[in-house]
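Notes follow once the structure below has been shown.
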């Protein structure tokens, strides 16, 4: 239910209600006027005026539902119009860059991706390729981009999009937000990939409806994003979620961060390669194929990945004890882990975490958004200010 600012003028109230309605349709999808009135706590005449105005400006349309139930005239559905606001989402990874144009309502209208090599991983090369690809894609689709959201595997300053450090990309102090905003002539927001994964899961994935959730993802490194009391938790200057650098193994392998025995040295991609008997740096496809070959044989999984499972469990116990989520979503490479391993880890965390026992357990599940999770998160980051201005 929405609440209007105390003492607000009528025009401010209308703008507030309009934004709340657009946000509801963007995240929640099609809905009838009656249901909108109930959900948002607004009277039907207010909803009618808002919907009529949005329909006139092309932001929404009303349509008879495909499936009808009962006799009488069916209630029209109010649907967001994807082309009313289109943002650019960019997902920069260690080995690949993906871009997508995402419309109001979260629909991916078009996409492109390309692999990175040592030379093409340079910031200038990445920026040039992103801009060129976005311009071509927007022209092909006949749309106008109104903002951009960028996902980066590194420590990012939210205020201006400075990538303080993205070690696996070998980037240090790259003003990515400022440079892209200048070239695109658009508002650009940059975020850490795991933080944006948490945002996507909260709005469109497994964590939808969860007020307190943690998203933990493994690629070359390990990162985390936190939803606390329904909002993304952001630390000083936006620096938060470096769960991979939680020290879990004193005397363990040295980490690039300068510490030793960081969690990602025990459960990151290289650690998983070692556990599976693969060469470190093996292609992602080979790692996933080897995990799938383990099948549903729980004993075989424990035999091959027992030590890996213990380190994963230890880190998640710490995460749950410190952050107290009701849900932990495993993303990226962790989604390929055998179901029996995830079940074993969840059971151990519930047993060994004081917080989990106190609240009656925590759920640990794999992401269902697949490889698009950070791309969708980047889109939602871009949409945050846009929805106020549609």
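Residue numbers (full-length UniProt numbering): 1 to 390. For glycine and all other residues, C-beta sits at the position ideal for the given N, C-alpha and C. Given the structure is predicted, the values throughout are model-derived calculations rather than measurements.
The straight-line gap separating the alpha-carbon atoms of residue 10 and residue 39 is approximately 21 Å. A contact is defined here as three or more CB-CB pairs under 8 Å, and the segment 249-265 fails this definition with respect to the segment 203-213. DSSP lists 89, 189 as the beta-bridge partner residues of residue 149. Taking C-alpha positions only, residue 276 is separated from residue 247 by approximately 23 Å.
Around the Cβ of residue 26, a 10 Å sphere holds 16 or more other Cβ atoms; the residue is buried. Across the structure, residue 197 and residue 218 are spaced so that their CA atoms are roughly 11 Å apart.
According to DSSP, residue 61 shares a beta bridge with 79. The segment 58-67 makes no contact with the segment 94-102: fewer than 3 CB pairs, one atom from each, lie closer than 8 Å. Ranking 124, 118, 59, 249 by CA distance to the CA of residue 168 puts 118 first. Within the segment 226-309, the complete alpha helix (DSSP H) segments of 4 residues or longer fall at 263-267, 269-276, 284-293, listed in chain order.
The three-state reading of DSSP puts residue 365 in strand, counting E and B together.
Per DSSP, residue 115 is one residue of the beta strand (DSSP E) stretching across 108-115.
When only Cα atoms are considered, residue 79 and residue 33 end up about 11 Å apart.
Cβ neighbours of residue 164 within its own chain (closer than 8 Å, five residues either side excluded): 154, 155, 156, 157, 172, 173, 239. Under the three-state reduction of DSSP output, residue 354 falls in the helix class. Three or more Cβ pairs drawn from the segment 353-370 and the segment 316-330 lie within less than 8 Å of each other, which places the two stretches in contact. The alpha-carbon separation between residue 47 and residue 370 amounts to approximately 36 Å. Partner residues in the beta bridge of residue 162, as assigned by DSSP, are 157.
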